[in-house]
Each structure stands twice: as C-alpha cells, then as structure tokens.
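Participant: Here the protein sequences come in this chain order: F and X. Here our numbering is used: position 588 in the first sequence is 588, and no number is missing along the way. Offset between the second sequence (1-based) and our numbering: plus 1000. Using N, Cα and C, we set each Cβ at its ideal position, and we do this for glycine too.
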Amino acid sequence: MSFGAGPGGAWRAGMGASAAPPAPGVNLRATLGRLIERLRAERVAMLSALILGVAAVAANVSGPWILGRATNVLFNGIVSARLPSGLSKAQALAQLRAHGQDQIARMISTMSLTPGVGVNLTRLGLILGVAALAYVVGSALTYGQGYLMAGVAQRSMYRLRRDVEDKLARLPLRYFDSHPHGDVLSRVTNDIDNLTTTLQQGLSQLLTSVLTLIGVLGMMVWISPLLAVIAVITIPIAILLSLLVARRSQVHFTTQWRETGELNSMVEESHTGHALLQVFGRRAAASHEFDGVNERLYHASFRAQFLSGIIQPTMQFVSNLNYVAIAVIGGYRVASGLLSLGDVTAFIQYTRQFTMPITQIAGQMNMLQSGLASAERVFEFLDASEESLERESAFGVPGRGAVSLEHVDFRYDPAVALIQDFTLDVAPGQTVAIVGPTGAGKTTMVNLLVRFYEIDAGHILLDGVDYRDLTRDEVRQHFAMVLQDTWLFSGTVRENIGYGRPGASEDEIVAAASAAHVDAFVRTMPHGYDTVLGDDTATVSAGQRQLLTIARAFLADPDILILDEATSSVDTRTEVLIQRAMGDLRRGRTSFVIAHRLSTIRDADVILVMEHGRVVEQGDHEALLAAGGAYQRLYASQFAAADPAA
Amino acid sequence: MLVRLLRPYLRPRAGPISLVVTLLLAQTLGNLYLPNLNADLINRGVVVGNLHYIWVTGAWMLLITLAISVVAMTGVYWASRISMGVGADLRASVFRAVQEFSLRDMNEFGTPSLITRNTNDVQQIQIFLQVALTMMVIAPIMMIGGMVFAIREGARLLPLLAVAVPLMIGFLGLMMMRVVPRFRTMQVKIDRLTQVLREQITGVRVIRAFVRVPHEAHRFDQANADLTATTLSVNRLFALMMPVMMAILNLSSVAVLWFGGRYAAAGSMSIGNLTAFLSYILQILISVMMATMLAILVPRAMASAERIEQVLRTQPTVIDPPAPRRPGRRDGSVELEDVSFAYPGSERAVLAGLSFRLEPGRTSAVIGGTGSGKSTLLSLIPRFLDASQGVVRVNGLDVREQAREELWSSIGLVPQAAYLFRGTVASNLRVADPEASEEELWRALEVAQASDFVRSMPGGLDAPIDQGGTNVSGGQRQRLAIARALVKRPVLYLFDDCFSALDAETDARLRRALAEATAPSTVLIISQRVSTIMHAEQIVVLDEGSVVGVGTHDELVASCAPYREIVVSQLGRAA
C-alpha cells in the first residue's frame, strides 16, 4: 500500500472495492496513444514537472552520499586520534605494520588522515549542512512536482468529463435505448474515476520511481561498480519473484471480483425479492445458496490477499539479502582498504532506496493497465456514432399545432419494419388518441413526433414545415410530454414542476400543481414545494409522481401535448378530475393521447387503432363502436370479459 | 463500536490471532536485530580488520533474513485467513438477520442500504482487519523495539526523538485535520456528479423534449468544476505530505550524525553504534508515520461497523410465537376483525377498524384509490406486517399464533411489482415448487397467458431471465409472476394489483382462465380497475383506510356512492 501520491492510497483501495476492475483490453497501445494525445494540452506543466522531478531526485539521491562523506570524516578522525600524534601518515603505517596489524594498515593507507588529530568538527558541520540543504531542496522540488502533476491530472479529467457530457447531448436516443443504462453510467462515472486515480497517482509516482531508480543506480555505480553489480543482480530476482506472485494473485483477484459481483447480485436479489422468498418458503434455500457464494468468495479473497500480501515480505527478503551482501562484501573491502566506510554506509542506504521503486513500478504497472482498460471504455463511448447534423433552420414555425405525417416509414431494426406508410393529418386543437395492443407501435409514434428518432422515409410536417428543415430543438419547443416512466430529478418539488418553463412564477407553479391535483399532496410534504425529491424517492407513490409530471407539462404550456400512459398509476377518480383539467389544457391545443384504459380516451376527436405498425381503424368513439371492428373488440374485452361466464 | 462488533467474531479466532501477533513480533525483532549485527560487523570486523568475524556475522545475518521472510509469510497467511474469515462470517450474519426482517424493518433501512451494508461495509471491515493484523501491529512493536535497541546503542541521542516524533505527529495531525474534511466534501461532490449524470441518462427523453440540454450541460459543468476545484486542492495538499515527512526523516539523520559525531569524536560512542542508531531512528520514525497514516483507516471502518451493527441489533418487528399452533383446517379462509394499522409516530392510521371475511373458495376483491391502504391490508395476511389493533385470522387461526413458514405454505402471492429472479423461466416458476414437472409449469403458463411468448423465447422454459426480470416486458413479467403463484397451487391467492401492465384483451383472457384455475381456492384481488374486479363474488371498497362498502358489483352500484363514482369514472355508466 502506498500513501504518497494522492487521496487514493488507503481510501480508494477500499472504495473501489465493490466494483470489479475492468479487464485489460486488447487495444492498449492505441488507447495509451490517445491518452497521451489528450495530455498534450498539459505539455508545459508536464515538462516543468519532469524538470523539477529530475532535480528533486538528484538532490534526494545525493543525500546519502553526502552523509557518507560525513561518516568518513568521523571515521578518519576517530582512527587518526588513536594514532600517536606528531607522526606522519607513512610513519604511523610503518608502526602498525611493525606491530603485525597489517589489516588495519591496509585500510588506513587509503584514508586521508593526520595521525593524532581528532575529528574535524568544522568540516563535519559543513558537510552535514550541505546534506541538510540537499534534503530540504529535494523535498521542496518534490512538492513542486506533485503540485504541478495534481493540476495536470485534475484538469485533464475535468476536460474528459466535459467531453463525455458534450457527447451525451449529441448521442441519438437509439444509443440510450440499445445500451443498458447501468453500463453507460458505469463508463462515465466508475471508469473515469478509475482513470483519474491512475493519472493522479500513477503518473506522478511512476515518474518519481523511474527517476529514483536511475539516480540511485547511477550513484551506486559511481561509488563502487562491484557493489552496484551485486545490487543489480538482485533486481531480476526481485522482478521475477514479484511477477510470479503477481500473476498468481491476479488470477485470484479476478476470481474475487467475480465472486463479489456474484454475491452482490445474490444479496440484491434476496433483499428485493424478500417477501417472495418468505411466502414461497425459499428462505432456507436462499441461505444455502448464499453460503455457497460466500464460501467461494472467502476462498478467492483469502488466496488473493495472501498471495498479494506475500509480495511485501518477498521484496523485504530481497532487500535484506542486498543489505547483508553489501554489509559483508563492503565491510570486507573497507577492511581491505579498497573502499571507505562512508561509502559502505551510503551504499546500504541506497540499497534500501533501491528495492522500493521496483516494487512501486510493479504496482503502478498494474494500476496503469486497469486505468488503460477504463480509458478504452471511455474512448469507446466517445467514439459512438452521433446524431445526424442539423440544418440551420430557415423557416419559422407559427406554432398553431398542425401535424401531418405523410407516408412515414420507420424501423429500429433494418430487417423489421415498425411503422409503414403511415399517413395522418392532425388539425390544430384536435385530440388524437392512439390505442392498440403492446408492440403495435404506439410509443414509436411518440418517438417520431418529438424527433427522438429520425424517420427512414416520408415526411413529418409541423405547421406545414418539414421536420428536416428544422433543428430538433425547434421541433421540440412546440411539444410537452408526460410519459409512463415518470422522471423526477433531484431537486425541489418547485424545480421539478418548473422544469418545462424556466423562470415560471410561484403562482404559475402552484396553479399547475392545483390543475394536476397534486397541490394538496405537496402541502402535506415536510417542506411543501421546497421538499427535495430524487429519482428514487420512495415516499412519493407512482401515482403522485405521475401527477407531478403532469403539472410539469401543464406549466410548459406547449402547442402540442403528448400523454403516453400519463395517468396509468393514478386512481380513476383523480384521473377524472385531471382529465377535466386537461380538457381545459387541451382546448386550443393539439394533443396525442396513448392509453390502455379506453375510458381515458373516449372523447378524443380521432381515435387511431394501431396493429403491427399500421393504423387499422380511424374515427371517433361512437363511429368506431358502431363499425364493430378492432376497437369494438378492444372495448368489449375491457368491460365485459371479466365475467367468467361470458 | 468496532470492537463491540468484532468481539464475537474474533474470540473464536483467539489462537490464530495470538499466533499472528507473535509472528509479527518475531519479524519486527528480526528486522531490528539486523542493524545491531551490522554495527557489530563494523565495530568488531571492519574497524579492527577481523575478516573472519565479518564472514561469520554475514552468514548469521543471512540466516536471520531468511527466518524473517518465512515468519512474515506465515503471518500474512494467518492474517488473511482471519480477516477474510471474519468478513465471510459477518456477511452471513447480516444476510440471516435481514432474512428475519419484516416488511417494516425492510422499509426502515431501504433495500439498497441493506445491500450496501451486507457487501461494501463488510468489505471495509475486512480491509481494516487485514491492515490491522499486518501493519498496525508492526508499528507499535517496531517503535518500542526500535527505542529499546536505540537506547542500547546510544541513549544520549534519544532526545532527538523527543523533537522528531512530536514534529511528525503534529504535522500529520494537522494534515489530517485539513485533508479529511476536504476528502469528505470531495466524496459528496463525486456523488453529486454521478447523480447529475445518472439523471441525464435516465431522463434523456424529458430533457430533450423540454429542450433543456443546455440547462443540464450547465448543471453538469458546475458540478464538474466544483469537483475539480476540490480534488485539486485535496491533491495539492496531499502533495505536501510525503516531501515534508521525508524532510523530517532525512533531517533527523543529519542531526544524528552531527550530535552522534560529536560524541564519537569525544570517544563516548563508537562509530558502529552510531550507524546502527541511525538505522533505528529511521525505523522508529517510519513506524510513527505508518501508525498515523493507518489511523485514518479507523474512522471509515468505524462508520461501516456502526452501519452493520444497526442491522444486527434490529429486533425484527414480526417474530414467530414461542409456541406456534397449527390451524385445524386449511381452507384459505381469511377473517379480519376490527383491524387497524398505523406506523408508529404517524398521526393518521393507514387502516382503521376493518372487519370482513374472505369465504373459503370464493373470489373477493378490494378496490380503492391511490393511498387508500389496499397494499397495507394485503401485507397483514401473510404477516409481512402486524396489525396495530384487532385480529387477522387465516385458516381460522390468529396469524400471530402460527409459525410463519406454516402460514406462508398456504399462500400464493403475486406482488404489485412483479419480480423475477436471475435464472431461467423454469427456475423462476419452480421457486414456488422445486418439484413441479414441466407439464405443470406449462399448465401454469397457459393459464397466465404466458405460454405463447415463453414458447417463442429461445430455449422456451430454459430461456434465461435477467435479474429482476428486466429482459422481458412489464406485462410478460406480471404474467410470469402469476404463473409462479399458480405452480404452488395454494389454498389462498393474493393478487396485488398485478394486471396493470396488461392490455385489456390479455387482461380479460387471463382473468377468465384464472377464474377456472383458482376455483377451489380462496382468492383476493386488489385493483384500481373496476373491469378487473367487477365479477368478484365479494367486493370490499376501501376509502382512506376504512371500509365504505362490501357486496357484489350490483349491490354496491346500488348502495355505495364511492363505488358508483369509481365505476362511472371508468366505465362511463353505472351498470
């Protein structure tokens, strides 16, 4: 675990834990290229950070060497203090040899000392002062580098998120309908999050690690090529060992994430289907299943933890091995007079610094891989094909609310025609009801009217102007819609109702709520119109949510109103009241109404009965009933068929 | 909190835990002993030129290094065993606790929250334990051990620690004080951004229809810029952490050399001891750093422990009686006697003074407006909720006197929100009866008007069903849920407004087939649609939690004004 780089470290390790890391993709190199391309905007900051990083590493790496000089001064001083004063170095050596202390003589022969003179404290102080300065400067430069890189990472991620947002606005509805929301959301949140962490921690650390490795290696070679070779020999061992362990633990980590996902959905299922499991007497079976998954998760996570936990002791072993080798061989060489003691102590400090970046680089490579896999998913999203370009509009639309469809063809799937040769003229102010069995194409009609999808052939005209000569926004400005799937965003009741008309006054909002018969309910809420709602607010029932969205459409005051199963969850008496209000709203306004309940659409001007993408019947309620066709059957089934005897 | 939660799980593992602590102790002592040996190597080997001593000490150091690794790996093995084992036990406890919850207990927490507590929160505890059992134990041992060894090497340099340690702790404390709240803010802002994005994806139709894309873009940009500003400041602050800590560490070694050097020059300290002291002081300071950094994991683990404990300590509001009685008959009869229900603390009762009977073998219906208490009423029968007052009898016996498994064995439920489990069509139907034959499954599907689409699905009965049943349409989901209840062939059917997603024709066909298939059983249908319930043998009209009419359709049209209103609103006529 590393703590150096960002708020990542310890915290994020835990946070990301619930989501499985993306699997490494195939196209990593291309993705890396794109990522680097995106970082170009930050090249000045990155270059400055690199320069600061090199300087910082140089300063930090020189520290132990300078301290080694200090040790030498001490050692020399102490050794020379033991030699009788007044003698020259050569005389002292001769004396030692005469006493049979060849070993010490050999060691001393390479040292610069004056027999009898003790430690030169001034020189010691001077050297230590330089060391202190190097460390302080090194730290300051490291901070500067970290400061710059934080900016690079965060600004880059800001831009990436902005691009994703722009992309969202340009994607056709088709994309949202054909991709699971969870997956899209995961790409724009989890994956970007993962990428941010990678950039924030990985980039800065990787730079430092590599630079430190180079710097330390350089110092080692400079001090003693032989000891450096010994230290370097252990590198392949370290890399091999950690790779070996990492590869095995990776397998178990993958299993761990898979089992975690398994357990997650198992728990989610049991908790969501709680009542069902109880009534169907399946609690024991569910517990049993849970225990199985839990057991597998335990085994996988235990193995993953153990194996990844082994890396640390392994690296420590290599590091200790190095330490011992340097101490012994270095000590031997000092004793032989081939090396100074200060060099050995400095070297020992370097070996300590040496294994750390190697372990770190291994970890960062892992992180980088996971980050690149995320980047790939984000780029894939950014590459999704967009809505066709719009023509700059040359026509004004008067806004009377006349809609014509001429020979419209449409298909989601090129092989299956959904709407075929559909022609319809709606005069301003008319109410058009669309009925028919599930899959008849009712909702598709809505998608085409508000131009969520582009038609394949034919024309749709708004007040005589072809949709293709208008921008999508221009078309939509004339519509307001209430859908079966009510959508409330996190905001106050007031903001939610006022969504369709920015700048609506308090009175207008309350009036719209009253017309939708939701004013009384809003006033029972804890903060009235200031109560904060969410998309998953449990305290508001499905019926009440529909009423709120109806109020929203009321307030939007459009030329054309679309109601797609708008009151399906509202009880019928309230529905009648709303319909009365809606009748007022619909007056002078074109409306399209889709409903299962035929009672809802009885007084429409035109009722279209759709089957398999075609209009099979058309007319008003009385005429269609009299015709005795599909509508009559539908109507009869709704009111008569409940009788088992019928 | 953390300790209280973990105690029962750690106690049975006392043996392995003490083993881990012992191993960590040995490992740390070994690591501390190495510089000591190194000091000897310098003092008695290098300084006096004793090559033999250098070799012997070197071999000894190598041996210790090996031993440390073996000990450390064994420690990690047991630490992983313990922490992951406790995690698995905690998950099992939470899961079982939730299984005992009543509907009210479930609502109290909310399903998403219970899921998080059962998985993510347990994971936090697991991570915490793993870290605690490896690094957190090492830190104090290393600190104390380091001090003991350091004193042996040169007690006179200890005052240096008295400066460096508080300096380090002080700085880290200051950092944490500034970083932790900002980090919390950052989390809130990440959540906010995710929420905005989620809304833009789920609400894409509304946003585009109301031409509010620029507005949403603005909202997003605000959240984005806000988040960036916070993360930037957190990360810049964090960038200060390592350099400052390293500066304190490095300057401490400089100071050791300066003061130690003076003692060594004066002859009161050997040079070998000085280098050893240098190693120890670094180790002490690193352990302080480690301990403080790990301390920031504690608040997070505490928060998770609290959330888990809340689940484990919840007394289910509905529990089996100590001495359950068995009903004398199993005819599916239901009797409500002066039943009221109110959520504790709420002003108004959801249900007030309800009394009526569901006769065995008959079909009854409850109709009422949004918020009239229909679903609450239904929840009282399988004892998902207990009435605040009055008695609910099933099979002639008070539900509170029966074992719940016994009670449930009589009931087939189709809830309002049709929920399917991940698996296949067959595995979903067999939830009701694992022994059911394929023939029986097809018969149930036939009745539920689901056989046609099941047959057209790839694999038929073995067609895969996604979690929640999201890969079939709402209407298909409802029909499969109905088929599931039919497979059980219970004496009492409860249909909770489960025909709403069906188009009128299918609805009619289904109800015809259903009437036949459920003929010998008692049936309760809850609905808002008159057409769904008008042919029931008994209709109960519910209005704001009270019964305002009981009778057949014709009787109610004649006598019950609220019912007549509903009928007129839906059928446009009163007959």
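#1: State the start and end residues of the unbroken alpha helix (DSSP H) segment that holds F/Met157.
#2: Who are the near neighbours of F/Gly25 in its chain, counting only those whose CB is closer than 6 Å to its CB and skipping five residues on each side?
#3: Alpha carbon to alpha carbon, how far is F/Gln420 from F/Ser156? Give it in angstroms, no decimals.
#4: According to DSSP, simplified to helix, strand and coil, what is X/Gly1045?
#5: Could you give the uninterrupted runs of the beta strand (DSSP E) lying entirely in the segment 1086-1150 of chain X, keeping only those of 3 residues or more?
#6: Give the interface partners of X/Met1583 over in chain F, defined as CB-CB distance under 8 Å, in chain order.
#7: Using the Cα positions of F/Arg597 and X/Thr1228, report the straight-line distance between them to the nearest angstrom.
#8: Helix, strand or coil for F/Leu548, going by three-state DSSP, please let me know.
#9: Would you mind giving the Cβ-Cβ distance between X/Arg1477 and X/Leu1420, rounded to the nearest angstrom? I have them listed as a contact below 8 Å.
#10: Output needed in chain order: residues of the segment 1438-1451 of chain X with a Cβ under 8 Å from some Cβ in chain F.
#11: Does DSSP put F/Glu617 in a helix, a strand or coil?
#12: Out of X/Val1487, X/Gly1475 and X/Asn1428, which one is the CA nearest neighbour of X/Leu1461?
#13: Closer than 9 Å by beta-carbon distance: list the chain F residues that pair up with X/Met1246, in chain order.
#14: What is the DSSP secondary structure of X/Asp1543, counted as helix, strand or coil?
#15: Taking three-plus beta-carbon pairs below 8 Å as touching, is the segment 503-510 of chain F in contact with the segment 560-568 of chain F?
#16: Please list the partners that F/Arg476 has in chain X, where partner means a Cβ-to-Cβ separation under 9 Å.
#17: Residues of the segment 402-417 of chain F with a CB closer than 7 Å to any CB of chain X: list them in chain order, please.
#18: Among F/Ala169, F/Asp183, F/Ser599 and F/Gly401, which has the Cα closest to the Cα of F/Val426?
#19: Grab me the residues of F/Ser112's own chain with a C-beta within less than 7 Å of its C-beta, minus the 5 sequence neighbours each way, in chain order.
#20: Taking the alpha-carbon of F/Gly429 as reference, which of F/Gly528, F/Phe592, F/Phe302 and F/Val615 has the nearest alpha-carbon?
#21: If you follow the beta strand (DSSP E) that F/Ala457 is part of, which residue opens it and which one closes it?
#22: Give the residues of chain F in contact with X/Ser1409, contact being defined as C-beta atoms less than 7 Å apart.
#23: Out of F/Arg501, F/Leu470, F/Met315 and F/Glu295, state which residue places its alpha-carbon closest to the alpha-carbon of F/Leu241.
#24: Have a look at F/Gly125 and X/Trp1078 and give me their C-alpha separation to the nearest angstrom.
#25: Assuming F/Val397 contacts F/Leu470 (C-beta within less than 8 Å), just tell me the rounded distance between them.
#26: What residue range does the beta strand (DSSP E) around X/Val1334 cover?
#27: With 16 as the cutoff for other CB atoms within 10 Å, does X/Pro1327 come out buried or exposed?
#28: Report back the beta-carbon spacing between F/His252 and F/Ala304 to the nearest angstrom; my notes put them in contact at under 8 Å.
#29: Distance check for F/Ser514 and F/Ala520, CA to CA, integer angstroms please.
#30: For a test of the three-state rule: what should DSSP assign to F/Ala480, helix, strand or coil?
#31: Could you tell me which residues DSSP puts in a beta bridge with X/Thr1522?
#32: Mind listing, in chain order, the continuous alpha helix (DSSP H) runs of no fewer than 4 residues lying wholly within the segment 1349-1405 of chain X?
#33: Nearest-angstrom Cα distance between F/Gly330 and F/Thr208?
#34: Alpha carbon to alpha carbon, how far is F/Gly202 from F/Leu368? Give it in angstroms, no decimals.
#35: Determine the contact status of X/Cys1498 and X/Ala1519, defining contact as a CB-CB distance below 8 Å.
#36: For the segment 1182-1255 of chain X, list the alpha helix (DSSP H) runs that are entirely contained and at least 4 residues long, ordered along the chain.
Facilitator: So, to answer that:
#1: First-last of the alpha helix (DSSP H) with F/Met157: Leu121 to Arg170.
#2: Here F/Gly25 scores only 43 on pLDDT, less than 50, and its place in the model is too uncertain to base an answer on.
#3: Their Cα atoms are separated by approximately 48 Å.
#4: In the structure shown, the three-state DSSP call for X/Gly1045 is helix.
#5: Within the segment 1086-1150 of chain X, no complete beta strand (DSSP E) segment of 3 residues or longer occurs.
#6: Residue coverage of chain X in this structure runs from 1001 to 1575, which leaves residue 1583 of chain X outside it and unanswerable.
#7: Each residue's CA atom was taken as its position, placing F/Arg597 and X/Thr1228 some 50 Å apart.
#8: Helix.
#9: Right, their Cβ atoms sit about 6 Å apart.
#10: Per Cβ criterion, the list is empty.
#11: Assignment of F/Glu617 by DSSP, reduced to helix, strand and coil, places it in the strand class.
#12: Closest by alpha carbon: X/Asn1428.
#13: Those are Asn60, Tyr135, Gly138, Ser139 and Thr142, listed as they occur along chain F.
#14: In this structure, X/Asp1543 counts as strand in the three-state DSSP scheme.
#15: The answer is no - the segment 560-568 of chain F does not touch the segment 503-510 of chain F, with fewer than three Cβ pairs under 8 Å.
#16: For the C-beta of F/Arg476, the chain X residues within less than 9 Å are, from N- to C-terminus, Arg1208, Ala1209, Phe1210 and Val1211.
#17: Contact residues of the segment 402-417 of chain F toward chain X are absent (C-beta to C-beta distance below 7 Å).
#18: Just measuring C-alpha positions, the residue of F/Ala169, F/Asp183, F/Ser599 and F/Gly401 sitting nearest F/Val426 is F/Gly401.
#19: Result list for F/Ser112: Asn76, in chain order.
#20: Put simply, of F/Gly528, F/Phe592, F/Phe302 and F/Val615 the residue whose alpha carbon is nearest the alpha carbon of F/Gly429 is F/Phe592.
#21: Here the beta strand (DSSP E) through F/Ala457 covers Ala457 to Leu462.
#22: Those are Gly281, listed as they occur along chain F.
#23: Residue F/Met315 is the option with its Cα nearest to F/Leu241.
#24: It is roughly 49 Å from the alpha-carbon of F/Gly125 to the alpha-carbon of X/Trp1078.
#25: Right, their Cβ atoms sit about 7 Å apart.
#26: It spans Val1334 to Phe1341 - the beta strand (DSSP E) in which X/Val1334 sits, taken as one unbroken run.
#27: With 16 or more neighbouring CB atoms inside 10 Å of its own CB, X/Pro1327 falls in the buried class.
#28: At roughly 4 Å, the Cβ-Cβ gap stays under 8 Å, so F/His252 and F/Ala304 are in contact.
#29: Per the coordinates, the alpha-carbon of F/Ala520 lies some 8 Å from the alpha-carbon of F/Ser514.
#30: The answer is strand: DSSP assigns F/Ala480 an E or B state.
#31: Checking the DSSP bridge columns, you'll see X/Thr1522 partnered with X/Leu1492.
#32: Runs of the alpha helix (DSSP H) inside the segment 1349-1405 of chain X: 1374-1380.
#33: Put simply, the backbone Cα of F/Gly330 is about 28 Å away from that of F/Thr208.
#34: If you draw a straight line from the Cα of F/Leu368 to the Cα of F/Gly202, it is about 7 Å long.
#35: No, Cβ-Cβ distance for X/Cys1498 and X/Ala1519 is not below 8 Å.
#36: Correct list: 1204-1209.
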